[in-house]
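Only one structure is covered here, and it is reproduced in the block below.
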Amino acid sequence: MNQGLRDALRPLRELPKMIESIEGLDAAAGTMKKLASPKLGPGTALNETLGGADLGHPIHPLLTDVAIGAWTSAVMLDFVGGKRGRKAADRLIAIGLASAGPTVLTGLNDWITLQGAEQRLGVAHAGANAAATALYGLSWVSRKRGRRLRGKLLALAATGVASGGAYLGGHLAYKRGIGVDHTAFMALPSEWVEVAGDGDLTEGSPICADVKGTKVMVVRDHGSVYALADVCSHEGGPLHEGKIEAGCVVCPWHASKFKLSDGSPVGGPSAYPQPTLDVRTVGGKIQVRKT
Ligand code: FES
């Protein structure tokens, strides 16, 4: 471990904590949510499409790679590409700007369900990236007007700001688990475990059972009994508090909908399937185990 480097990077490491404590960001978050909710809020068609269920992964990280990759490459060409690299650098700046719209949209979609500290971090992440995009835009205008040095310096400054935004985005994903499958590290038993008496389960009323330390939702629907991990793969909502409709469970937090039969996401913002368990009834007792 390099202690000198660690000390030098301390302000960066402490930045997220500082941002999380800024209450003033809540007002900005409230305005952003008010404007975006009618189109992107839970239950809207766009929220579902942009959630990433079709891809099996959130879409936002893929798009950020396009923008950041294009802009970073442009800045490299600016400084080591010589005269021959000028046209390519300008085009890369334009490609980054063109990809900014969809990137912002998917990011906003992922952010709209967040609360508290994560919500504040998301506002700061968006603010840094908006500032970086504006600087790249000014850089592009300067290039078109023949003010090359100014354009290069603006792009360099934009890269610094975008790196700060990327750091906060990384913190949200890796430290706070936003966009991560909340069932990823769930341990389910491979041997049969009793969860309820057959008579305890009422049609359409899920229960939550503790299966060797893991919460499992068990429900009877149209006579069949199903068991799914109770912690929603989206952001950890308690599925047993959700509604059962049309062979699915609807998460009470942001309306992700999972098929009871195989856990696949068929609606709402979750990009990930919900783990299911095998179910059997022995001697009037319902038992479950890892599928
Ligand atoms: S926690 Fe968001 S849909 Fe379940």
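Be aware that the sequence shown starts at 23, since it is given in the working numbering, and climbs by one per residue. Don't be surprised by glycine CBs; every beta carbon is placed ideally from N, CA and C. Keep in mind it's a predicted model, so treat the numbers as computed, not measured.
Legend entry - Test item: CB-CB of residue 289 and residue 296 under 8 Å: In this structure, residue 296 does not lie closer than 8 Å to residue 289 by Cβ.
Inset, instruction - Taking residue 306 as the reference, give the member of 239, 139, 223 with the closest Cα. - result: 223
Legend entry - the segment 193 to 202 touching the segment 140 to 148, judged by at least three CB pairs closer than 8 Å: yes
Inset, instruction - Can you have a look at residue 313 and say buried or exposed, based on whether 16 or more other CB atoms are within 10 angstroms of its CB? - result: Its Cβ having fewer than 16 others within 10 Å, residue 313 is exposed.
Legend entry - First through last residue of the alpha helix (DSSP H) which encompasses residue 142: Where residue 142 is concerned, the enclosing alpha helix (DSSP H) stretches over 138 to 166.
Inset, instruction - Decide yes or no for the touch test of the segment 82 to 95 against the segment 126 to 139: beta carbon pairs closer than 8 Å, at least 3 of them. - result: A contact between stretches requires three or more CB pairs, one per stretch, nearer than 8 Å, and the segment 82 to 95 meets this requirement with the segment 126 to 139.
Inset, instruction - Count the other CB atoms, across all protein chains shown, that sit within 10 Å of the CB of residue 221; report buried if there are 16 or more and exposed otherwise. - result: exposed
Legend entry - For residue 26, three-class secondary structure by DSSP: helix
Legend entry - Buried versus exposed, by CB contacts within 10 Å (16 or more), residue 280: buried
Inset, instruction - Quick one: give me the first and last residue of the beta strand (DSSP E) that residue 232 is part of. - result: 229 to 233
Legend entry - Element boundaries [alpha helix (DSSP H), containing residue 186]: Membership of residue 186 in the alpha helix (DSSP H) is indicated by the continuous run 170 to 192.
Legend entry - Cβ-based burial, residue 196 [other Cβ within 10 Å; buried from 16]: exposed
Inset, instruction - Please report how far the alpha carbon of residue 175 lies from the alpha carbon of residue 50, in whole angstroms. - result: As the crow flies, the alpha-carbon of residue 175 is around 30 Å from that of residue 50.
Inset, instruction - Determine the burial state of residue 271: buried for a count of at least 16 other Cβ atoms within 10 Å of its Cβ, exposed for fewer. - result: buried
Inset, instruction - With a cut-off of 8 Å on the beta carbons, I'd call residue 110 and residue 99 a contact; round off their distance for me. - result: 6 Å
Legend entry - residue 291 classed as buried or exposed, judged by whether at least 16 other C-beta atoms fall within 10 angstroms: buried
Legend entry - residue 277 Cβ short of 7 Å to the ligand FES heavy atom set: yes
Inset, instruction - Could you tell me if the beta carbon of residue 79 falls within a distance shorter than 7 Å of some heavy atom in the ligand FES? - result: no
Inset, instruction - Over the uninterrupted alpha helix (DSSP H) stretch that includes residue 88, give me the two end residues. - result: 82 to 102
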